[in-house]
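Enquirer: Position one of the sequence shown corresponds to residue 39 (my numbering), numbered consecutively onward. Glycine included, every Cβ here is placed at the ideal spot set by N, Cα and C. Here it is, the structure, as structure tokens.
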Amino acid sequence: MPFQTDRTSKISSILAVCLVAASVSVPAFAAPTAAFNAALVEAQKKLGTLEPWQKKIFDEEIMPDSSRFIRDYRGNEVEVDVEGLRSYLSFYAPKALGKAEIKALVHLKSDQDCAKCAAALPAVKRRLQSYLVRRGITPVWVTGDELLTKDEITAPDPSTEAPVSKAGEALVELKLAELVRKKGVNGAWSAELKQVADAEHPGEDHYQVSLHMRMNSSGAAKDLKADKTLEVLKNDSMETAVSRMMVDTLSELGTQSNTIAQVASDELEVSIKGLTSFNQMKGFKEALQELVAKKLNAAVPVELRRLSQESIVFALHTKESPEELKKAVVLVNFESHGLIVREVTRSEDGLNVIVAEVQ
């Protein structure tokens with residue numbers, strides 16, 4: 039039966055080809071990773087000289103997770119997300135919050151009845167610790183017993199009056215904020231691993247990982263925050279899910295801190311003492327705006343920042359130096375009253391402040 043013999047021969051040849059193809063599949067998979075790493079090393083040159091903490095993050099976080107920072111990959115062409123790299127390498131807590139030492143409470147919890155969650159806790163804790171330390175944050179770990187008393191485990195949510203269990207996020211976040219104030223730290227990070235029901239797929243195992251962060255400095259304008267939630271399937275890694283949320287959060291923090299730094303560098307305050315009426319305040323504000331614009335040959339927004347019995351503070355959005363602006367401030371005049379500059383100092387938020395007084 040020659041037909042059957044020929045057919046058997048063809049099938050054997052096809053199987054042999056498939057086996058050969060399978061034997062070379064690993065190098066084919068490894069090639070993109072090598073290409074991504076090479077492209078990232080090349081892209082690093084566009085970032086300029088990295089500080090030691092940035093270099094450590096590049097080597098220990100970006101390179102091992104190179105695909106997260108690749109915008110496009112076609113054939114031999116690899117396009118790196120350079121702006122994404124720049125944002126990810128921008129957040130360093132001591133610089134962003136303006137303090138040499140930064141401490142943050144860290145609360146990590148899981149459902150007591152979730153075996154997958156409990157098994158993931160040690161690895162997730164190590165991962166969170168390493169991310170925070172590399173950003174200049176000293177973690178202060180908080181246990182559930184420190185956070186909630188026995189009575190609070192079933193206490194009502196103050197905003198809804200609904201019962202809140204130990205897993206309730208509303209009460210946990212409220213107590214974290216209270217503990218931040220008591221311990222005098224700079225913020226809090228909270229992560230939760232839990233099993234969730236899926237109404238559309240009853241009987242299937244589904245999980246959820248959430249991450250909440252609040253970091254603050256001396257003023258509300260510098261507050262940084264993030265809230266993330268990610269669904270995790272049965273065969274997915276919770277540690278990987280937490281890493282993904284941390285990469286996204288730290289990139290967003292980089293963008294937020296860059297914006298804060300830009301705003302701070304473009305602001306200067308003028309504190310005026312001795313104003314006695316609303317009409318005088320309005321008049322000096324308009325005169326200040328007019329003279330500064332004339333001095334700089336450009337329109338400069340002037341906004342009321344703070345009011346107190348002692349002084350009124352205006353904010354000027356300009357990159358001009360305090361010394362140059364002093365020349366305009368001393369020329370301000372309203373209803374035969376001028377201003378005398380007493381000093382140039384810095385606020386708690388790091389802004390230059392021209393302190394003046396009505397003559």
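Buried or exposed for residue 138, going by 16 or more other Cβ atoms inside 10 Å?
Expert: exposed
Enquirer: From the DSSP output, read off the bridge partner residues of residue 111.
Expert: 116
Enquirer: By Cβ distance, which residues of its chain are closer than 6 Å to residue 39, with the 5 residues on each side in sequence left out?
Expert: Only weak support is given to the placement of residue 39: the predicted model assigns it a pLDDT of 41, under 50, and the value that follows is read from those uncertain coordinates. Nothing meets the Cβ criterion.
Enquirer: Assess contact between the segment 122-132 and the segment 83-100, defined as three or more Cβ pairs (one per stretch) separated by less than 8 Å. Is contact present?
Expert: Judged by pairs of C-beta atoms under 8 Å, the segment 122-132 touches the segment 83-100, as three or more such pairs exist.
Enquirer: Indicate the three-state DSSP secondary structure (helix, strand or coil) for residue 219 in the structure shown.
Expert: helix
Enquirer: Taking all protein chains shown into account, decide if residue 105 is buried (16 or more other Cβ within 10 angstroms of its Cβ) or exposed.
Expert: exposed
Enquirer: Within 10 Å of its beta-carbon, does residue 147 have 16 or more other beta-carbons around it, so buried, or fewer, so exposed?
Expert: buried
Enquirer: Below 6 Å CB to CB, which residues in the same chain sit around residue 225 once its five sequence neighbours on both sides are set aside?
Expert: 142, 252, 253 and 254
Enquirer: Helix, strand or coil for residue 321? Go by DSSP, reduced to three states.
Expert: helix
Enquirer: Rounded to a whole number of angstroms, what is the C-alpha to C-alpha distance between residue 395 and residue 310?
Expert: 5 Å
Enquirer: So for residue 246, helix, strand or coil by DSSP?
Expert: strand
Enquirer: Please give the ranges of any alpha helix (DSSP H) in the segment 121-185, keeping only runs that are unbroken, at least 4 residues long and fully inside the region.
Expert: 131-135, 153-172 and 182-185
Enquirer: Based on the DSSP output, what are the partners of residue 376 in its beta bridges?
Expert: 371
Enquirer: Which word fits residue 407, buried or exposed, when buried means at least 16 other C-beta atoms lie within 10 angstroms of its C-beta?
Expert: This structure gives no information on residue 407, because the portion of the chain shown stretches from 39 to 397.
Enquirer: Under 8 Å Cβ to Cβ from residue 178, same chain only, skipping five residues before and after it: list those, please.
Expert: 141, 142, 143, 144, 221 and 223
Enquirer: So, under 8 Å CB-CB, residue 283 and residue 268 are touching, yes? Tell me the CB distance rounded to an integer number of Å.
Expert: 6 Å
Enquirer: Would you mind reading off the limits of the beta strand (DSSP E) that contains residue 92?
Expert: From DSSP, residue 92 is part of no beta strand (DSSP E) but of the alpha helix (DSSP H) over 90-95.
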